[in-house]
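Undergrad: Quick one: the structure is below, questions incoming.
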Amino acid sequence: MPFVWPHRHHRRRARGVVMSPRSHIKPVVGTAAALLLVASSGLLAGCGTDAKSDASAGDTHGVADHMAEHDQAQQPMQTTAADWKPVAGTLGRTGTLMKGTVYHVVLARKDLKVTTQGVAIKPGLSLGGYANFAKYHDGTMLMGDLVVTETELPKVTDALQAAGIEQTALHKHLLQQTPAIWWTHIHAMGDPVKLAKGLKSALDATAIPPASPPPATQPPIALDTTGIDKALGRKGAADGGIYKFTIARANTITDGTHVLPPALGLTTGINFQPLGGNKAAINGDFVMTAPEVQKVIQALRKGNIDIVELHNHALNDQPRLFYLHYWATADGVTLAKALRPALDATNPAVPTA
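Throughout the sequence shown, residue numbering follows the numbering used here, covering 8 to 360 in sequence.
Right, dumping it as structure tokens:
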């Protein structure tokens with residue numbers, strides 16, 4: 008039976024916060040620890056926005072008691088593609104349901120002709136924005152990464168803030184690029200259709216094109232992919248002319264009371280764009296905990312791989328995660344061998360195949 012979104016008057020209390028009609032798309036507070044800390048000063052605020060909450064300071068005791076009683080975070084709910092049709096209709100874009108829990112909407116910038124250090128960037132290497140939705144018992148979570156031009160950024164920011172959608176990071180994926188591009192991460196909790204409506208207002212401030220259907224066959228990858236697979240200890244996949252690795256962490260990540268599946272975007276990405284003669288440009292990001300950051304930087308620099316950016320994607324993840332973007336051009340297998348020590352320093356999940 009398809010999942011039915013609960014009526015707004017029958018929503019459960021979200022970690023002690025009553026989600027009123029006017030706050031359905033306002034981000035909820037992250038952790039019980041944060042709630043208790045804020046309550047001690049008599050204040051209750053959202054994470055990164057000026058949105059007001061309907062909870063009083065007294066509600067924090069119920070939150071702490073609830074978490075202590077259950078001693079676990081909630082997993083995302085299983086859904087069907089049909090459950091997400093209202094979201095797709097609101098966005099005007101169809102997504103893909105991943106493992107029954109994450110509705111993934113591709114927002115790639117195929118409209119842009121981007122170059123960096125003389126390399127023409129394919130969308131799959133660095134320009135693949137997305138929006139992910141996951142349903143929990145207390146609401147739907149939106150997490151994503153929007154790729155916007157510098158001229159689009161102010162309007163996108165204003166639209167997101169007006170919709171109550173948090174911006175949790177603003178950064179670069181490439182050292183130098185033409186035209187100037189920015190990447191902004193987003194997060195919100197609430198009613199799925201209202202989240203989609205708010206996101207669409209931001210997308211309308213960009214020229215992000217609708218997703219095109221995947222080709223019947225993938226174009227050949229002019230790289231020694233067998234050698235790259237061996238060097239990285241796992242098998243990659245061809246996607247739009249890019250050879251890609253998407254690698255989850257071995258540990259569980261939470262945001263407040265919510266378990267975050269890797270498909271929400273909590274993965275290391277390693278992308279190879281063929282340049283001819285078995286050479287490649289590499290770009291992507293490593294997901295790391297704080298103790299891993301310096302080890303990854305040192306490993307990458309030892310392999311002559313440039314560090315582009317070090318930042319967060321979220322505000323309330325536990326353990327705290329950081330992301331490091333990188334860039335290099337060289338022989339593909341040589342690059343893969345240089346990447347391996349950095350990957351091994353990040354507690355990656357064991358390959359399943």
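Cβ coordinates follow ideal geometry from the N, Cα and C atoms, glycine included.
By alpha-carbon positions, which one of A238, L331, L322 and F293 ends up nearest to G339?
TA: Nearest C-alpha to G339: A238.
Undergrad: With DSSP as the reference, label I235 as helix, strand or coil.
TA: In the structure shown, I235 sits in a helix (DSSP, three-state: H, G or I).
Undergrad: Taking buried to mean at least 16 other C-beta atoms within 10 Å of its own C-beta, is T359 buried or exposed?
TA: Exposed, because fewer than 16 other Cβ atoms sit within 10 Å of the Cβ of T359.
Undergrad: Count the other C-beta atoms from every protein chain shown that fall within 10 angstroms of the C-beta of Q280, then say buried if there are 16 or more, exposed otherwise.
TA: Buried.
Undergrad: Which of the three DSSP states, helix, strand or coil, is assigned to L322?
TA: It is coil, neither helix nor strand.
Undergrad: Between T164, L230 and V113, which has its C-alpha nearest L98's C-alpha?
TA: Among T164, L230 and V113, the Cα nearest to that of L98 belongs to V113.
Undergrad: Starting from the N-terminal side, write out each stretch of the alpha helix (DSSP H) that is 4 residues or longer and does not extend beyond the segment 233–288.
TA: Qualifying alpha helix (DSSP H) stretches: none in this window.
Undergrad: Please report the distance separating the alpha-carbon of H332 from that of M84.
TA: Roughly 31 Å between the two C-alpha positions.
Undergrad: Taking V300 as part of the alpha helix (DSSP H), name the residues at either end of that continuous run.
TA: Run containing V300: A297 to K309, per the alpha helix (DSSP H) assignment.
Undergrad: Use the C-beta contact count for A127: other C-beta atoms within 10 angstroms, 16 or more gives buried, fewer gives exposed.
TA: That one is exposed.
Undergrad: Is P355 near I254, with beta carbons less than 7 Å apart?
TA: Yes, the Cβ-Cβ distance between P355 and I254 is below 7 Å.
Undergrad: Give the range of the beta strand (DSSP E) segment to which L153 is assigned.
TA: Where L153 is concerned, the enclosing beta strand (DSSP E) stretches over G146 to T156.
Undergrad: Looking at V303 and A343, is the spacing between their C-beta atoms short of 7 Å?
TA: Not in contact: A343 and V303 (Cβ atoms no closer than 7 Å).
Undergrad: Going by DSSP, what residue range makes up the alpha helix (DSSP H) through D165?
TA: Its alpha helix (DSSP H) spans residues L160 to A169.
Undergrad: Going by the beta-carbon positions, is the gap between G291 and N311 smaller than 7 Å?
TA: For G291 and N311, no; Cβs fall outside 7 Å.
Undergrad: What are the uninterrupted segments assigned as alpha helix (DSSP H) that are 4 or more residues long and contained completely in the segment 184–241, given in chain order?
TA: Fully enclosed alpha helix (DSSP H) runs of 4 or longer: 199–210 and 232–239.
Undergrad: Quick one, which of A335, V357 and T213 has its alpha-carbon nearest Q124's?
TA: Minimum Cα distance to Q124 is reached at A335.
Undergrad: Pick out whichever of T353, P186, H194 and M148 has its Cα sitting closest to the Cα of T164.
TA: Taking only the C-alpha atoms, the option nearest T164 is H194.
Undergrad: What's the call for A2, buried or exposed, on a 16-neighbour Cβ count within 10 Å?
TA: In this structure the chain extends from 8 to 360, so residue 2 is not present and cannot be described.
Undergrad: Can you say whether Y143 is buried or exposed, counting buried as having 16 or more other CB atoms within 10 angstroms of its CB?
TA: Buried: at least 16 other Cβ atoms inside 10 Å.
Undergrad: Taking the alpha helix (DSSP H) that K92 belongs to, which residues open and close that run?
TA: K92 to L98 is the span of the alpha helix (DSSP H), which, as asked, contains K92.
Undergrad: By the DSSP assignment, the beta strand (DSSP E) with V121 in it spans what residues?
TA: V121 to T123 is the span of the beta strand (DSSP E), which, as asked, contains V121.
Undergrad: Are the Cβ atoms of A95 and T87 separated by less than 7 Å?
TA: Not in contact: A95 and T87 (Cβ atoms no closer than 7 Å).
Undergrad: Who does H180 pair with in a DSSP beta bridge?
TA: Bridge partners of H180: none, in fact.
Undergrad: Between which two residues does the beta strand (DSSP E) harbouring G135 extend?
TA: Segment G135 to Y143, the beta strand (DSSP E) holding G135.
Undergrad: Can you tell me whether DSSP reads P348 as helix, strand or coil?
TA: If DSSP states are grouped into helix, strand and coil, P348 belongs with the helices.
Undergrad: Should the segment 223–230 be called in touch with the segment 198–205, which here means at least 3 C-beta pairs below 8 Å?
TA: No, they do not touch.
Undergrad: Determine the closest residue to S133 out of T158, E157 and W189, with distance taken between C-alpha atoms.
TA: Residue W189 is the option with its Cα nearest to S133.
Undergrad: Taking the Cβ atom as the reference point for each residue, do A80 and V266 lie within a distance shorter than 7 Å?
TA: Closer than 7 Å, so yes.
Undergrad: Run through DSSP, which three-state label would A80 get?
TA: In the structure shown, A80 sits in coil (DSSP, three-state: anything other than H, G, I, E or B).
Undergrad: Could you tell me how far apart the beta carbons of A337 and K286 are, in whole angstroms, since I believe they sit closer than 8 Å?
TA: At roughly 7 Å, the Cβ-Cβ gap stays under 8 Å, so A337 and K286 are in contact.
Undergrad: Ignore the nearest five residues each way along the sequence and tell me which others in D231's own chain have a CB closer than 8 Å to its CB.
TA: Only N285, G339 and V340 meet the Cβ criterion.
Undergrad: Please identify the residue among L282, A345 and A270 whose C-alpha is closest to the C-alpha of I228.
TA: When each option's Cα is compared against that of I228, the closest is L282.
Undergrad: With distance defined between alpha-carbon atoms, name the residue in F329, A288 and T261 nearest to G248.
TA: Of F329, A288 and T261, the residue nearest in Cα terms is A288.
Undergrad: If you draw a straight line from the C-alpha of E157 to the C-alpha of K179, how long is it?
TA: Between E157 and K179, the C-alpha separation is close to 11 Å.
Undergrad: How close, in whole Å, do the beta carbons of L206 and I172 come, if the pair is a contact with beta carbons under 8 Å?
TA: Rounded, the Cβ-Cβ distance is 7 Å, consistent with contact.
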